[in-house]
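Protein chains: 2
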Amino acid sequence: MTVMESKDFSYFFSDETNARKPSPLKTCIHLFHDPNIVFLGGGLPMSKYFPWDNLQIESPLPPFPKGIGASPSGSKEDTCHVTVKKNETTKAGETNDIPLSRSLQYGFSQGQPEFLSFVREHTDKIHKMQYADWDVLATAGNTSAWESTLRVFCNRGDTILAERFSFSASLYAAEAQGVNVFPVPLDEHGLIPEKLEEILDNWNPEAAKPKFLYTIPTGQNPTGSSLSDDRKTQIYRIAQKHDFLIIEDEPYYFLQMDAYEQDKSRRVQKNFSTTEEFVASMAKSFISIDTEGRVVRLDSFSKVLGPGTRLGWIVGSKQILDAYKMLHEMTIQNPSGFSQSIVAGTLNRWGQEGFLDWLIGLRREYNEKRDAAIDALYEYLPRSSFININPPIAGMFFTVNIDASAHPEFATTYKSDPELVEQAIYEKVVSSGVLVVPGKWFKSEGETQPPQPASSKAVSDPNNIFFRGTYAAVPLDKLRDGVRRLGDALYEVFGVAK
Amino acid sequence: MTVMESKDFSYFFSDETNARKPSPLKTCIHLFHDPNIVFLGGGLPMSKYFPWDNLQIESPLPPFPKGIGASPSGSKEDTCHVTVKKNETTKAGETNDIPLSRSLQYGFSQGQPEFLSFVREHTDKIHKMQYADWDVLATAGNTSAWESTLRVFCNRGDTILAERFSFSASLYAAEAQGVNVFPVPLDEHGLIPEKLEEILDNWNPEAAKPKFLYTIPTGQNPTGSSLSDDRKTQIYRIAQKHDFLIIEDEPYYFLQMDAYEQDKSRRVQKNFSTTEEFVASMAKSFISIDTEGRVVRLDSFSKVLGPGTRLGWIVGSKQILDAYKMLHEMTIQNPSGFSQSIVAGTLNRWGQEGFLDWLIGLRREYNEKRDAAIDALYEYLPRSSFININPPIAGMFFTVNIDASAHPEFATTYKSDPELVEQAIYEKVVSSGVLVVPGKWFKSEGETQPPQPASSKAVSDPNNIFFRGTYAAVPLDKLRDGVRRLGDALYEVFGVAK
Chain A
1 MTVMESKDFS
11 YFFSDETNAR
21 KPSPLKTCIH
31 LFHDPNIVFL
41 GGGLPMSKYF
51 PWDNLQIESP
61 LPPFPKGIGA
71 SPSGSKEDTC
81 HVTVKKNETT
91 KAGETNDIPL
101 SRSLQYGFSQ
111 GQPEFLSFVR
121 EHTDKIHKMQ
131 YADWDVLATA
141 GNTSAWESTL
151 RVFCNRGDTI
161 LAERFSFSAS
171 LYAAEAQGVN
181 VFPVPLDEHG
191 LIPEKLEEIL
201 DNWNPEAAKP
211 KFLYTIPTGQ
221 NPTGSSLSDD
231 RKTQIYRIAQ
241 KHDFLIIEDE
251 PYYFLQMDAY
261 EQDKSRRVQK
271 NFSTTEEFVA
281 SMAKSFISID
291 TEGRVVRLDS
301 FSKVLGPGTR
311 LGWIVGSKQI
321 LDAYKMLHEM
331 TIQNPSGFSQ
341 SIVAGTLNRW
351 GQEGFLDWLI
361 GLRREYNEKR
371 DAAIDALYEY
381 LPRSSFININ
391 PPIAGMFFTV
401 NIDASAHPEF
411 ATTYKSDPEL
421 VEQAIYEKVV
431 SSGVLVVPGK
441 WFKSEGETQP
451 PQPASSKAVS
461 DPNNIFFRGT
471 YAAVPLDKLR
481 DGVRRLGDAL
491 YEVFGVAK
Chain G
1 MTVMESKDFS
11 YFFSDETNAR
21 KPSPLKTCIH
31 LFHDPNIVFL
41 GGGLPMSKYF
51 PWDNLQIESP
61 LPPFPKGIGA
71 SPSGSKEDTC
81 HVTVKKNETT
91 KAGETNDIPL
101 SRSLQYGFSQ
111 GQPEFLSFVR
121 EHTDKIHKMQ
131 YADWDVLATA
141 GNTSAWESTL
151 RVFCNRGDTI
161 LAERFSFSAS
171 LYAAEAQGVN
181 VFPVPLDEHG
191 LIPEKLEEIL
201 DNWNPEAAKP
211 KFLYTIPTGQ
221 NPTGSSLSDD
231 RKTQIYRIAQ
241 KHDFLIIEDE
251 PYYFLQMDAY
261 EQDKSRRVQK
271 NFSTTEEFVA
281 SMAKSFISID
291 TEGRVVRLDS
301 FSKVLGPGTR
311 LGWIVGSKQI
321 LDAYKMLHEM
331 TIQNPSGFSQ
341 SIVAGTLNRW
351 GQEGFLDWLI
361 GLRREYNEKR
371 DAAIDALYEY
381 LPRSSFININ
391 PPIAGMFFTV
401 NIDASAHPEF
411 ATTYKSDPEL
421 VEQAIYEKVV
431 SSGVLVVPGK
441 WFKSEGETQP
451 PQPASSKAVS
461 DPNNIFFRGT
471 YAAVPLDKLR
481 DGVRRLGDAL
491 YEVFGVAK
């Protein structure tokens with residue numbers, strides 16, 4: 001079997017990307033490591049003036065038999081001791097560490113080799129990449145990687161596609177740059193391929209076509225929905241037909257779980273006897289379908305290791321990654337050297353299998369939290385036809401969908417405006433001591449231009465409002481308490497008897 | 001004495017800044033820490049799932065009696081042991097650490113409080129801020145902070161002012177964004193205030209005025225020049241007269257040194273008996289002159305602790321910093337939590353005095369390296385009138401200025417084009433085993449629009465070319481060796497007998 005090369009998609013690049021010149025200093029920085037050259041070329045401080053040495057940090061040890069939340073004792077049995085020296089050590093048997101003398105220096109704008117090689121192997125293990133010239137690039141997390149995506153591809157006035165409700169910071173970043181976000185209808189299973197196709201088939205021929213679709217396929221923020229493999233294949237086909245890129249923003253990818261089972265007696269958490277079984281259970285990604293470098297995947301450690309690492313990676317064709325790299329050289333330069341040394345030091349000690357063990361453990365924890373949240377919602381919320389709960393199969397979020405017209409004062413106090421009901425419920429809920437956030441915070445506002453086909457305008461009832469909650473941020477007892485407070489508030493607001 | 005508030009400079013903001021909406025999720029993230037609220041609001045993973053605890057790192061201990069380059073032994077006498085726990089510890093006498101449970105979490109887009117308070121105190125100690133509502137904001141280093149500056153203030157087509165030769169990555173970032181960089185003449189003492197004023201007095205009335213001046217006042221990159229206090233005061237007055245902001249990019253500020261003294265017997269390194277003396281010896285900064293919030297100062301740890309910390313800070317008025325913060329919330333979010341925990345953990349143990357001791361030690365090292373470089377230049381370079389050396393009093397860079405027309409083949413092989421001579425010398429130098437970089441790499445190209453007054457076009461001889469070298473990146477023996485190779489190459493190129 002011959003493996004194909006990616007296509008040339010450089011015609012999607014922004015004016016900024018096209019105008020960007022590589023820094024000439026970056027073209028000679030490799031001479032810093034050339035033994036035949038005395039490097040008087042760039043302002044690189046000598047590492048002897050970096051004040052740090054002997055970085056040590058502890059983590060639990062794979063396969064994490066007590067669960068990933070268990071604190072290690074510090075003993076060899078359950079504790080992974082990560083030690084990163086300032087200077088390169090080459091003793092046999094040692095793990096692939098990034099010495100501080102290198103990670104704290106300039107250079108390596110693609111990321112440190114020891115970090116990239118781990119992430120590259122991980123990516124191929126999970127996604128089984130289908131074209132030859134793919135690669136990975138270190139990022140400062142997905143917020144930054146998304147903003148870079150906009151800069152790499154979009155000019156002011158360009159249009160992109162996104163789920164009708166999406167992560168507000170992502171939408172706002174686009175809007176501030178003058179990029180029109182065209183909303184695509186979604187249901188409880190995510191983006192609706194038929195609606196997407198209809199939008200593009202009926203695209204205003206006077207208007208430029210969208211450059212890409214921005215999607216959060218797994219545990220979508222805010223709806224909690226996840227795209228099926230089948231929908232992904234359909235969407236990829238539409239992207240080929242109408243020639244746009246797909247940006248998959250996947251911070252929640254590894255928070256996939258069993259389908260929710262309301263009957264606790266029938267609830268059995270999936271167990272994986274091997275990591276291969278776990279990998280096989282995962283949803284197909286857009287990048288795994290991709291045969292031509294049409295997909296850019298934004299991956300992050302924020303939800304699986306910790307947001308403050310400000311470390312993630314992009315998977316895509318080398319051509320596209322080069323454009324990101326040139327942008328990075330003028331923005332973040334590279335992610336923090338401490339972050340790279342610590343994350344690579346930990347992951348290279350855990351190994352690929354150990355990291356998958358961690359992710360399996362994480363799946364277990366979130367499965368339990370999701371179950372607790374949905375159980376509590378069924379227990380504490382009014383069981384009324386105007387309140388609807390869709391148990392998620394991935395991610396951190398659940399939604400409580402409400403028919404605002406069921407509010408006793410809908411037509412009077414709230415003048416039949418569902419957003420006013422939403423705001424009133426939000427205020428009531430917060431004053432009841434629980435924070436869930438209103439759906440309107442996530443609504444893409446870029447609806448008017450270019451004109452949408454009428455049929456896609458209202459896929460759901462216009463009086464439908466929703467609140468996004470998360471089971472991620474608090475322990476199980478507080479979670480139940482929070483949902484109870486939410487339920488009490490809704491009983492009161494809608495005047496339903498308990 | 002009443003302390004003034006800053007002026008409102010929001011009319012300089014870019015369209016993007018004006019269009020930027022705060023993320024509504026950021027408005028409620030503080031409720032995460034509210035004990036009366038069950039936080040189901042945002043996708044914050046619980047810190048029990050962060051795999052790290054017991055971060056430890058070693059640094060030398062103030063007052064660094066063996067010099068800042070000496071490796072600590074690990075003993076209590078000469079080693080500062082930084083330990084950062086996952087969870088908050090509140091034992092009396094402990095330093096102000098940022099626990100990993102917080103630094104690795106979302107939130108604190110201005111920076112972690114323990115980091116900011118150190119930097120705030122340091123800033124006031126050094127610059128003695130003159131207006132009331134100033135503050136500091138954590139950044140991912142000056143490359144990122146500069147790019148953010150462009151986004152905060154500039155629209156496509158705007159003009160800014162910069163030194164005629166400046167850091168190429170800074171210039172290229174502006175150019176890629178469609179921002180015209182108007183070059184201002186500089187000499188061996190930096191920007192020439194009279195030329196700056198002349199440019200603005202003669203500004204094309206049809207063209208929009210520049211929004212700001214971008215300057216590297218200390219150890220300017222690439223020329224190595226440093227602005228005197230007097231020139232800074234003049235430039236600030238011109239900025240007030242013509243109403244533009246001043247962006248001072250100051251990575252080399254603490255690499256100030258004694259004036260170069262060629263006669264080694266008369267060379268005495270300045271010693272400071274107190275840190276106050278050291279602070280008093282420093283050049284006045286633009287921010288220290290500023291009475292109205294007209295200056296934005298970009299400060300960095302890259303040159304004083306290590307580039308890979310990707311950590312710095314901006315000093316400016318709260319109004320302006322708010323615009324950066326809103327941009328950061330959609331880009332970097334915040335600098336790496338590991339970087340903040342380690343840097344704050346180290347600096348809060350060293351204390352303000354200890355950090356100044358470090359900076360005094362650094363000054364000593366760079367003074368010695370500068371002396372070695374300039375000594376070697378005088379020793380090894382052809383002593384000809386067409387080669388000119390300006391010993392720097394700050395920073396990492398020296399320049400070798402050459403009259404290209406002195407090249408024996410100037411009019412023949414090189415067709416009287418100094419850039420061709422520059423390129424030929426560059427290639428010769430690299431093939432001789434030393435890297436110095438040609439001045440043209442740093443030349444601002446935005447000269448044509450709007451028209452410059454004729455007098456500012458050629459402040460120096462058009463046949464003058466230069467090469468930038470650094471004494472930062474290599475130890476003293478290699479430095480001498482490199483300069484010797486450079487000298488040999490120049491002897492050969494110019495056919496001068498030794």
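Residue numbers (full-length UniProt numbering), protein chains in the order written: chain A, 1 to 498; chain G, 1 to 498. All C-beta atoms in this analysis are idealised placements derived from N, C-alpha and C, irrespective of residue type, glycine included.
Residue i, enclosing alpha helix (DSSP H) - first and last residue
i               : result
D229 of chain A : D229 to H242
Q423 of chain G : P418 to S431
Q340 of chain A : G337 to Y380
P193 of chain G : P193 to D201
D299 of chain G : Here D299 of chain G belongs to no alpha helix (DSSP H); instead the beta strand (DSSP E) covers V295 to S300.
R151 of chain G : N142 to F153
D322 of chain G : K318 to H328
F286 of chain G : F286 to I289
Distance between residue j and residue i (C-alpha atoms, nearest Å)
i                      : j               : result
P24 of chain G         : G43 of chain G  : 14 Å
residue 506 of chain A : R297 of chain A : Outside the displayed range of chain A (1 to 498) lies residue 506 of chain A, so it cannot be described from this structure.
E147 of chain G        : E206 of chain G : 28 Å
A239 of chain G        : R231 of chain G : 12 Å
P450 of chain G        : P185 of chain A : The pLDDT assigned to P450 of chain G is 49, lower than 50, so where the model puts this residue is not dependable; a value taken from the coordinates is nonetheless given after this. About 48 Å.
Y11 of chain A         : P210 of chain A : 13 Å
I160 of chain G        : S170 of chain G : 12 Å
P438 of chain G        : N54 of chain A  : 39 Å
A372 of chain G        : S416 of chain G : 34 Å
N155 of chain G        : Y253 of chain G : 29 Å
Min CB distance residue i to chain A below 8 Å
i               : result
L186 of chain G : no
D53 of chain G  : yes
L44 of chain G  : yes
F355 of chain G : no
K48 of chain G  : yes
K241 of chain G : no
G69 of chain G  : yes
S300 of chain G : no
V97 of chain G  : Correcting the residue type first, residue 97 of chain G is Asp in the shown sequence and not Val. Judged by the 8 Å Cβ criterion, D97 of chain G is not in contact with chain A.
Residues near residue i by beta carbon distance below 6 Å, same chain, minus five either side
i               : result
Y380 of chain G : V483, R484 and G487
Buried versus exposed call for residue i [16 or more other C-beta atoms within 10 Å across all chains shown]
i               : result
K86 of chain A  : buried
P248 of chain A : Here residue 248 of chain A is Glu; the residue named in the question, Pro, does not match the sequence. Label assigned to E248 of chain A: buried.
Q262 of chain G : exposed
A404 of chain G : buried
P462 of chain G : exposed
T413 of chain G : exposed
S341 of chain G : buried
Residue-chain proximity (residue i, chain G), Cβ-Cβ < 8 Å
i               : result
K270 of chain A : no
R310 of chain A : yes
P24 of chain A  : yes
C28 of chain A  : yes
V296 of chain A : no
I192 of chain A : no
D371 of chain A : no
Cβ neighbours of residue i in the same chain (closer than 7 Å, five flanking residues each side left out)
i               : result
V474 of chain A : G482
Sequence-distant residues of the same chain with beta carbon closer than 8 Å to residue i, five excluded per side
i              : result
V3 of chain G  : Q130, Y131 and A132
F13 of chain G : V152, F153 and A323
E88 of chain A : P99, S101 and R102
Extent of the continuous beta strand (DSSP E) to which residue i belongs
i              : result
E16 of chain A : From DSSP, E16 of chain A is part of no beta strand (DSSP E) but of the alpha helix (DSSP H) over D15 to A19.
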